[in-house]
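See below for the structure under consideration.
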Amino acid sequence: MEVSRLKIVIFGAFHAGKSTFIQAVDPTSRHIDTECGDGTTTVALDYGKVVMDGLTVHLFGTPGQERFEFARRIIMEGMDAALLLVDCSCAVDDFTKRLYCDLVDSHVPLGLMLNKCDVAESCPAMVRRELPGTGNMYEISARDPSSVREALGSFVAIVKENR
0 MEVSRLKIVI FGAFHAGKST FIQAVDPTSR HIDTECGDGT TTVALDYGKV VMDGLTVHLF
60 GTPGQERFEF ARRIIMEGMD AALLLVDCSC AVDDFTKRLY CDLVDSHVPL GLMLNKCDVA
120 ESCPAMVRRE LPGTGNMYEI SARDPSSVRE ALGSFVAIVK ENR
């Protein structure tokens, strides 16, 4: 039986661009967030859906604060693949490194979305050095829907091919 859907869970630190990434793919996406000092932050999850390569892709964005580990564990149940959004405009923080190690250990297909490549301070090469070992790295700007769709489409094709 051919599977016609994918559950992809999106991980990343606070302000890495997870909500913006999902909105770029699905402008009608849903978000559960709250106001904070720097704007808004996800407190439960983000959800979006898109059809790509004949598959309905369900995107679940996780909260970026460490205290929401319990929510990440619930959301990742039954995931077919994972994306880790990394802010390339600053150093890779310890939380992102832990997420990366946990996702590698989960043995699901993993893609790294090197976000904010459109800003002057961005340094994707630094992220590649800090988080080596996955060939599925994509340089994007979550604010640019075409770069997000292209990267997500490439990742979905790889996941589909290896199912």
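Residues in the sequence shown are numbered consecutively from 0, following numbering that gives the first Met the number 0. Every residue gets a Cβ at the ideal spot worked out from N, C-alpha and C, and that includes glycine. If you're wondering where the values come from, they're calculated on a predicted model, not measured in any experiment.
Q | Beta-bridge pairing of Asn-135 - partner residues as DSSP gives them | A | For Asn-135, which the question treats as bridged, DSSP gives no partner whatsoever.
Q | Close beta carbons around Lys-115, own chain, < 7 Å, minus the five adjacent residues each side | A | Within the same chain, Lys-115 has close Cβ partners Gly-16, Asp-86, Cys-87, Ser-88, Ser-121, Ser-140.
**Q.** Beta-carbon proximity list for Met-0, same chain, < 8 Å, skipping 5 on both sides
**A.** Confidence is the limiting factor: at Met-0 the pLDDT is only 39, short of 50, which leaves the residue's position unreliable, though a coordinate-based value still follows. Once the five neighbours on either side are set aside, Met-0 has no close Cβ partner at all.
Q) Which two residues bound the contiguous alpha helix (DSSP H) that contains Gly-53? A) In the DSSP annotation of this structure, Gly-53 is not part of any alpha helix (DSSP H), being labelled neither H nor E.
Q. What does a CB cutoff of less than 7 Å around Val-158 pick up in its chain, not counting 5 residues either side in sequence?
A. Correct list, in chain order: Leu-5, Asp-79, Ala-80, Pro-108.
Q | Cβ neighbours of Thr-19 in the same chain (closer than 7 Å, five flanking residues each side left out) | A | Closer than 7 Å at the Cβ level, and outside the excluded window around Thr-19, lie Ala-141, Arg-142.
Q) Helix, strand or coil: how does DSSP classify Ala-124 here? A) DSSP places Ala-124 in helix when its eight states are reduced to three.
(Q) For Leu-98, report the span of its alpha helix (DSSP H) as first-last. (A) Run containing Leu-98: 93-104, per the alpha helix (DSSP H) assignment.
Q. Taking C-alpha atoms, which residue in Leu-130, Leu-58, Tyr-99, Leu-44 lies nearest to Val-155?
A. It is Leu-58.
Q: Grab me the residues of Pro-123's own chain with a C-beta within less than 7 Å of its C-beta, minus the 5 sequence neighbours each way, in chain order.
A: So the qualifying residues of the chain are Cys-87, Leu-113, Cys-116, Glu-138.
Q: Determine the direct distance from the alpha carbon of Met-51 to that of Phe-94, and round the result to whole angstroms.
A: Computed Cα separation, rounded: 31 Å.
Q: Give the DSSP bridge partners of Lys-48, in chain order.
A: DSSP lists His-57 as partners of Lys-48.
**Q.** Collapsed DSSP secondary structure at Met-0 in the structure displayed
**A.** Residue placement at Met-0 is flagged as unreliable, the pLDDT there being 39, under the threshold of 50; a coordinate-derived value is accordingly withheld.
(Q) Among Ser-3, Phe-10, Arg-162, whose alpha-carbon lies nearest the alpha-carbon of Leu-84? (A) Answer by Cα proximity: Phe-10.
Q) Which first and last residues belong to the beta strand (DSSP E) in which Gly-110 is found? A) Gly-110: member of the beta strand (DSSP E) spanning 109-114, first to last residue.
(Q) Output needed for Thr-55: all residues of its chain with C-beta closer than 7 Å, excluding positions within five of it in sequence on either side, in chain order. (A) Setting aside the 5 residues that flank it on each side, Thr-55 is surrounded in the same chain by Ser-3, Arg-4, Lys-48, each with a C-beta closer than 7 Å to its C-beta; the list follows chain order.
Q) When the distance is taken between beta carbons, is Val-91 closer than 8 Å to Glu-65? A) Their beta carbons are not under 8 Å apart, which means Glu-65 does not touch Val-91 by this criterion.
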